[in-house]
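Its first residue numbered 1, the first sequence is counted upward by one per residue in our numbering. For each residue, glycine too, the CB sits at the ideal point set by N, CA and C. These figures come from a predicted structure and were not determined experimentally.
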Amino acid sequence: MNIKTRFPPSPTGYLHVGSLRTALYNYFYAKKHNGTFLLRIEDTDRERYVAGAVESLIGTLDRMKIDYDEGPVMKNGKIVEKGGNGPYAQSARLEIYKKYAKQLVDSGYAYHCFCSKERLSELREQQQEIKQTTKYDRACLKLSSEEIKTKLESGESNVIRMKIPEGKTTFHDEIRGDITIENQENDDQVLLKADGFPTYHLAVVVDDHLMGVTHVIRGEEWISSVPKHVMLYTWFGFPLPTFAHLPLILNTDKSKLSKRQGDVAVEDYFAKGFLEEALENFVSLLGYNPTADREIYTREEFIEHFELTKINKSGAVFDVNKLLWMNGQYIKMLSDETFVAKVKPFLKGEVEDDILRRICVIEKTRINLLSEITTVIDSYQSITNFSKEMLVWKKSDSEDAKLQLKNIFEFISSLDDSVFNNLELIEQAIAGYIKDNGLQNGNVLWPLRVSLSGAERSPSPFELLWVLQKQESMKRIEHAIKIFT
RNA sequence: GGCCCCAUCGUCUAUCGGUUAGGACAUCAGGUUUUCAUCCUGGUAAGGGGGGUUCGACUCCCCCUGGGGUCACCA
Numbered sequence: 001m002n003i004k005t006r007f008p009p010s011p012t013g014y015l016h017v018g019s020l021r022t023a024l025y026n027y028f029y030a031k032k033h034n035g036t037f038l039l040r041i042e043d044t045d046r047e048r049y050v051a052g053a054v055e056s057l058i059g060t061l062d063r064m065k066i067d068y069d070e071g072p073v074m075k076n077g078k079i080v081e082k083g084g085n086g087p088y089a090q091s092a093r094l095e096i097y098k099k100y101a102k103q104l105v106d107s108g109y110a111y112h113c114f115c116s117k118e119r120l121s122e123l124r125e126q127q128q129e130i131k132q133t134t135k136y137d138r139a140c141l142k143l144s145s146e147e148i149k150t151k152l153e154s155g156e157s158n159v160i161r162m163k164i165p166e167g168k169t170t171f172h173d174e175i176r177g178d179i180t181i182e183n184q185e186n187d188d189q190v191l192l193k194a195d196g197f198p199t200y201h202l203a204v205v206v207d208d209h210l211m212g213v214t215h216v217i218r219g220e221e222w223i224s225s226v227p228k229h230v231m232l233y234t235w236f237g238f239p240l241p242t243f244a245h246l247p248l249i250l251n252t253d254k255s256k257l258s259k260r261q262g263d264v265a266v267e268d269y270f271a272k273g274f275l276e277e278a279l280e281n282f283v284s285l286l287g288y289n290p291t292a293d294r295e296i297y298t299r300e301e302f303i304e305h306f307e308l309t310k311i312n313k314s315g316a317v318f319d320v321n322k323l324l325w326m327n328g329q330y331i332k333m334l335s336d337e338t339f340v341a342k343v344k345p346f347l348k349g350e351v352e353d354d355i356l357r358r359i360c361v362i363e364k365t366r367i368n369l370l371s372e373i374t375t376v377i378d379s380y381q382s383i384t385n386f387s388k389e390m391l392v393w394k395k396s397d398s399e400d401a402k403l404q405l406k407n408i409f410e411f412i413s414s415l416d417d418s419v420f421n422n423l424e425l426i427e428q429a430i431a432g433y434i435k436d437n438g439l440q441n442g443n444v445l446w447p448l449r450v451s452l453s454g455a456e457r458s459p460s461p462f463e464l465l466w467v468l469q470k471q472e473s474m475k476r477i478e479h480a481i482k483i484f485t
């Protein structure tokens, strides 16, 4: 069988991290089985229309390097469609849904409903008051065919609703096994809205079938509506796809991951300086672990080991701390050149290329977020005030610190400019100086480092000399010496 | 509230009847280092409760408890 999976986001203007994982899992599954993966735009809610959302979504998927065989793509700044099962935006498929909805009405599985929204909400309120389950009361089912005909002919606003039959519906979920739900739990779901747009339920079934989708992999929040989908598949005579409902991604308090409790958009994570690869790795691990002997996996490994039956059933808390750690791991794996390039968009002011490169080399093991580069650069460019106590190493004293600074100042000024272009040479020179004079590392390096950085914690003095260069370094040491007088 | 799903360290997970219940993040301690970071070593830390089934249950079954999801002309 030719496997086909799909990713059908609603174009909200950003990609939710839960959606990202859904997209990834669908992608992994298709790739593993040499199948196809398609992107479909579920834009049937005109009230939630966001201008430019599709473009932004495509951009984000592109940035995540999640490519699809079918669906809308950008070409010369415009959206064009790829694949032979389009259109891939549901708003462009209205006639199709109308046809299928009508077919259901004609065969008695669905019916027109003329009830106003006001009546419906009143009804709901009444039911809630007497603690009844809120369901449509099927008032319009009692309409005679003549009545329906006249209402329709007079152009009265109406929707098409499913006529949920008695009994119960059982379906199989690859992750959870068989699930049975009483049909009476379902409301007579609206399939076609008054504005002619379908609801999710109609559109997803029709499209998945027409587009040849074999595996429906989506979030757990859809489980309760699967019976409706199963009924639709059955009424249309469509073969059932394989269902797999992924565990939810949760807030720290275990509720469904939401905007209120932190960032949910992958674009937000980009903006904070997370790397695409780290995000993919982290989010993919929320639900299963390919081999369980490590945390860092390549996409190829995720694909190779991916199995629906290995996915966890319980929800996973999104732990930013671990993401941060993972991002740091990915940053360390970056080449210096790539790191510099990735960091550039975060720069506030101009930084000379060569200096930036040196700073990046030093900071690669020190930051977990690309955006941290800005504060780090500030610390190289300006120095905060420090007391003379700070210049004294814990195993030394004020007199010695001052002496050491004076001596190292002399030594550094004797060094050739070219030495400062090579981190190793700097280190060799200073180490040699310490050894030749029979000194202790701490006595020299501590005050040196503090005078260069102005901080108790900082990169090594060698690294600082390398970045600051001779002139600036001497200036700072001189300034430190003055503090003693 | 009805229905559905779920239940291993604080968190992500491994263990698909027999393990000293493993790894990772976080945390704590130690090492390396002039400091910080990196890195290395080690520690603390888990099978919600009660019944079964079995020679033997974290693992299978039932109940309870707890958590979550869902109940729209939103997806």
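What distance in whole Å lies between the Cβ atoms of I362 and E463, which are believed to be in contact at a cut-off of 8 Å?
5 Å
Return yes when the Cβ of E174 is within less than 9 Å of the Cβ of F274, no when it is not.
no
Per DSSP, the bridge partner or partners of I217:
A244
Every unbroken beta strand (DSSP E) inside the stretch 138-204 [3 residues or more]
159-162, 168-173, 177-182 and 190-192
Please return the same chain residues whose Cβ sits closer than 8 Å to the Cβ of I79, not counting the five positions on each side in sequence.
V54, E55, I58, P72 and V73
For L250, three-class secondary structure by DSSP
strand
Do you know offhand how far S157's Cα is from N34's?
47 Å
What residue ranges within the stretch 298-353 form continuous alpha helix (DSSP H) runs of no fewer than 4 residues, ordered along the chain?
299-305, 320-333 and 336-343
With K364 and F346 assumed to form a contact (beta carbons below 8 Å), what rounded beta-carbon distance in angstroms separates them?
Between F346 and K364 the Cβ distance is about 14 Å, and since that is not below 8 Å, they are no contact.
Less than 7 Å between C-beta atoms, sequence neighbours within five positions excluded: which residues of the same chain meet that for S91?
D43 and T44
Helix, strand or coil for V419 per DSSP?
helix
Quick one: using the 10 Å Cβ neighbour count with 16 as the cut-off for buried, is G155 buried or exposed?
exposed
Going by beta carbon distance, what residues of the same chain come within less than 7 Å of S371, once the five residues before and after it are set aside?
K272, G273 and F346
Drop a sphere of 10 angstroms on the beta-carbon of I130, count the other beta-carbons inside from all chains shown, and report buried for 16 or more, exposed for fewer.
exposed
List the DSSP bridge partners of V80.
V73
Reference L439; option with closest CA among L123, L152 and L405
L405
Stretch pair the stretch 209-226 + the stretch 283-293: three plus CB contacts closer than 8 Å
no
Rounding to the nearest angstrom, what Cα-Cα distance links L202 and Y97 in this structure?
7 Å
Paired residues, beta bridge with F7 - DSSP:
L39
How is the alpha helix (DSSP H) around Y100 delimited, first residue to last?
L94 to D106
Cβ atoms of G18 and V264: under 9 Å apart, would you say?
yes
Element boundaries [alpha helix (DSSP H), containing H479]
P461 to I483
Considering A53, what are the terminal residues of the alpha helix (DSSP H) in which it resides?
A53 to R63
For F306, I'd like the list of residues in its chain whose CB is within less than 7 Å of its CB, leaving aside the five on either flank, ordered along the chain.
F28, Y29 and K32
For R358 and V467, I'd like the C-alpha separation in whole angstroms.
6 Å
Would K402 be called buried (16 or more neighbouring beta carbons within 10 Å of its own) or exposed?
buried
Near P165, which residues of its chain fall below 7 Å by C-beta distance, leaving aside the five closest residues on each side in sequence?
N183
So the alpha helix (DSSP H) H229 belongs to, where does it begin and stop?
V226 to F236
Do three or more CB pairs link the stretch 182-198 to the stretch 209-216 at distances below 8 Å?
no
Residue range of the beta strand (DSSP E) that Y25 falls in?
Counting along the chain, Y25 falls outside any beta strand (DSSP E), though it belongs to the alpha helix (DSSP H) covering V17 to K32.
CA-CA distance, S473 and V266?
41 Å
Quick check: what's the CA-CA separation for Y111 versus Q127?
22 Å
Hey, how far is the Cα of G262 from the Cα of H209?
37 Å
Check the C-beta distance from I66 over to L24 and give it rounded, since I have them as a contact under 8 Å.
7 Å
I'd like to know whether the C-beta atoms of E389 and S396 end up nearer to each other than 9 Å.
no
V230 to F171, Cα distance in whole Å?
8 Å
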